[in-house]
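This report concerns only the one structure given below.
If you want it as structure tokens, here you go:
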């Protein structure tokens, strides 16, 4: 077998790398682990050929006429990767079939949301030997009544692009599924008790309390590959007929299931492997394959010294066109779908002869369109594709030799991932070119290159105990043959996400799936899982079973509307809140086409082609990604070099005029200093602070500092944030030189001070900070928004059967009703607490906020009083202009202020002066700084912009 595979390698001119041989040997020995290697270095064949050598039939006489049962599960995070993965896996099977007729008669298939119903029906009768699927489709398989029968034959699970799943709820879903598969795999027993149930279990016998523990505590490292032992004996709080009331812990075993993850962009490899395997240990293989990576920047001819978000607009378009023309095939990445629409249309308008040679790809386009684009990339028939993260992951496009990144990549890992789309083969160089949309983004290009050279990549961490995912899993397992709570508890505790799950929380989850908690006990729809007379928990109603299977998964997005031609083809989908704002006759840009809205009916927007030049651009929520800690730290290091007069990279040399003005008028931030600027204008007193912690953290910091200041005297603040810092504006005088050092410390009200006096000092400070952060925000409203997602995942809200259209407004109303009912009648409901925890962890990034505050308190505060805005302060002012009322348009105001600032700065030494943009030119760029907007940009329609209400400031306290 091995000789045949090596011959197949050699026939293609390949020679196995050392890391591939290492994986082959590890799998042959039954080891599980994580493979981390650069994109395009051969990770797929390393793991796949290992599976063939270890598990494929070795001799023809052992083969039967039927294909072997399901043996290998291959998990991929995206449906788009499934078909490409199936093609890659089938290649060596043909060579093995020729060498061993009938012995390697494995069948390979895919099961995703895109799988045809006929193929699903065939899979219901018999699954292929190798199944490529997604986490959601695997959970659906686990909900089959015969799940154990069809999945217990699995010997190996491969999780592709593990970094993409690790840090979110989909990764938790994978952890739970792997724990279930490990329970069904052949095991090797160890000595620490065994699961024993004497007699029948009563339905109530699952309410447990701890009595004693085994010699090694649960979750600690041990010599056993499965981690440490579990508590040995539990006692029932209430005893039913036939129950002994005692239960010994499940035997700690070494599973026969082999699990491997693959990734190219992880910074915390050991933690990532532990999370995947559910235990310490495992085999970490790092593929150090020499591969040339080129990271450079397209630099504008001149540098605007007073920039704002997106101010470069399409000014870089001629250079982008020139770079595309020099390469055979280019991927042009943008960070948002709306930006991809704008750039694609601009390319077509500038080069109409490229029609049919360039294409657009993002997740809202119809599946058929996306597949056509992907085939065009594979065949090399497309010159360029403008795309989003929909093409980030492992699809193999060999013809792509160049990647352009429009705007900041926001993180080192994302930059590496996108760079790997070019030169996607061993020995071929990868090249990514950054195209700045903002002058300061040029510094990010230099910083990213330095971070990669130093090996600094962002870490990904699993969410801790998301109970909405757990209660969904409980119903899934109840459908898949049922469960005994005691045994399932230890199975769930075997995952990294739930290693610290308490018995009290477990019992709450059981009560929730049994009757929806105390407030929903009277409603049959929430009695989703109940114990039968044998004590096995099952789903009692086929209607509830069908509803659950239709809504399995953790991907939650806002309701969307289908976009379809009148009497013609489906184009894709846009979010409901955008489509609802359009009236018949309004035009918008979508899928590279200018469309006119005809009517909206039954969640479908019927359109026709339009010729009007006035249009809106659809916007999708979640567009703004924060700058990662790793990249932000690298940016500050670059600024420190500039502060020392070391302009050593092309990017720093080009942005030097801006940085020198910043240095002359104020200062440059460094790792040792915290820069603060204060300014008095006719609007009031401004504070500009530059922690370089990303926009999410800056929103929390700005609100927190404003709240702390208000504890000294009632004041109202307006807030603006970006990735580099934030602005606080107050109409009343604020003595920032005196107050700022104070408000960087914790403890500004009686409750916070009281929290600091209890228990450990560090824990007290953490509790006080948490209290102050929640007080500084409209936490209830923000948490309610998070609860909408939790309600959907946990099964409280039924999103509808296929073809049933439920609007976003209906779903939001349902979640709001549950929110109010729980707060009033079930305040201890743990899903309410989860909403608050997710708000802090995800939207405010409380861990990073806490670390940023700690770092700020160790830095030397440099406070500068300004006569005018600096190059770093001006972008923050523009962010606020976009939200506030003004007697003049935002564009007019920006153009006027820039002209005044340029006059004050004088000509840049050695640089030819360029005229400032007028209001019309400014207006054209404003759409590029509104990535996170939920609606259309009215300034691009040609209509007079409507006056918007200002964002609500913090109330006086």
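Numbering (the numbering used here), first residue to last: 1357 to 2313.
Beta carbons are placed, not taken as given, at the ideal position from N, Cα and C, and that holds for glycine.
Supposed contact pair residue j and residue i - C-beta distance, whole angstroms, cut 8 Å
| i | j | result |
| --- | --- | --- |
| residue 1803 | residue 1987 | 6 Å |
| residue 2224 | residue 2264 | The Cβ separation is near 17 Å, so there is no contact. |
| residue 1839 | residue 1833 | 5 Å |
| residue 1634 | residue 1851 | 5 Å |
| residue 2052 | residue 2200 | 6 Å |
| residue 1631 | residue 1522 | 6 Å |
| residue 1788 | residue 1690 | At roughly 14 Å, the Cβ-Cβ gap does not stay under 8 Å, so residue 1788 and residue 1690 are not in contact. |
| residue 2099 | residue 2064 | 4 Å |
| residue 1733 | residue 1756 | 7 Å |
| residue 1429 | residue 1489 | 7 Å |
| residue 1528 | residue 1858 | No, residue 1528 and residue 1858 are not in contact; Cβ-Cβ is about 17 Å, not under 8 Å. |
Bridge-paired residues (DSSP) for residue i
| i | result |
| --- | --- |
| residue 1921 | 1963 |
| residue 2041 | 2036 and 2086 |
| residue 1916 | 1931 |
| residue 2026 | 2029 |
| residue 1616 | 1389 and 1514 |
| residue 1717 | 1743 |
| residue 1887 | 1893 |
| residue 2220 | 2033 |
| residue 2074 | 2085 |
| residue 1787 | 1650 |
| residue 1689 | 1743 and 1761 |
| residue 1953 | 1963 |
| residue 1431 | 1489 and 1515 |
Residue i: first and last residue of the uninterrupted alpha helix (DSSP H) it sits in
| i | result |
| --- | --- |
| residue 1375 | 1374-1384 |
| residue 1808 | 1797-1809 |
| residue 1527 | 1525-1540 |
| residue 2203 | 2202-2214 |
| residue 2235 | 2229-2237 |
| residue 1855 | First-last for residue 1855: undefined, no H or E at that position. |
| residue 1999 | 1985-1999 |
| residue 1633 | 1625-1633 |
Distance between residue j and residue i (C-alpha atoms, nearest Å)
| i | j | result |
| --- | --- | --- |
| residue 1724 | residue 1700 | 19 Å |
| residue 1714 | residue 1916 | 26 Å |
| residue 2174 | residue 2155 | 15 Å |
| residue 1569 | residue 1861 | Annotation note: pLDDT 32 at residue 1569 (below 50); position unreliable, coordinate value reported separately. Rounded to whole angstroms, residue 1569 to residue 1861 spans 19 Å at the Cα level. |
| residue 1493 | residue 1411 | 24 Å |
| residue 1695 | residue 1876 | 45 Å |
| residue 1510 | residue 1437 | 21 Å |
| residue 1739 | residue 1728 | 14 Å |
| residue 1956 | residue 1939 | 9 Å |
| residue 1867 | residue 1883 | 9 Å |
| residue 2238 | residue 1383 | 57 Å |
| residue 1390 | residue 1453 | 29 Å |
| residue 1667 | residue 2234 | 10 Å |
| residue 1774 | residue 1526 | 21 Å |
| residue 1753 | residue 1396 | 10 Å |
DSSP three-state assignment for residue i, whether helix, strand or coil
| i | result |
| --- | --- |
| residue 1868 | helix |
| residue 2102 | coil |
| residue 1481 | helix |
| residue 2018 | helix |
| residue 2056 | helix |
| residue 1664 | coil |
| residue 2180 | helix |
| residue 1740 | strand |
| residue 1365 | helix |
| residue 1401 | helix |
| residue 1489 | strand |
| residue 2174 | helix |
| residue 2378 | Here the chain has residues from 1357 to 2313 only, and residue 2378 is not among them. |
| residue 1705 | helix |
beta-carbon residue i near the ligand ZN non-hydrogen atom, thresh 7 Å
| i | result |
| --- | --- |
| residue 2247 | Ligands are entirely absent from the displayed structure, and the ligand ZN is therefore not among its contents. |
Neighbour flag for residue i against chain D, beta carbons, 8 Å
| i | result |
| --- | --- |
| residue 1637 | The structure shown contains no chain D; it holds only a single protein chain. |
Terminal residues of the beta strand (DSSP E) in which residue i lies
| i | result |
| --- | --- |
| residue 1762 | 1758-1762 |
| residue 1814 | No beta strand (DSSP E) contains residue 1814, which DSSP labels as neither H nor E. |
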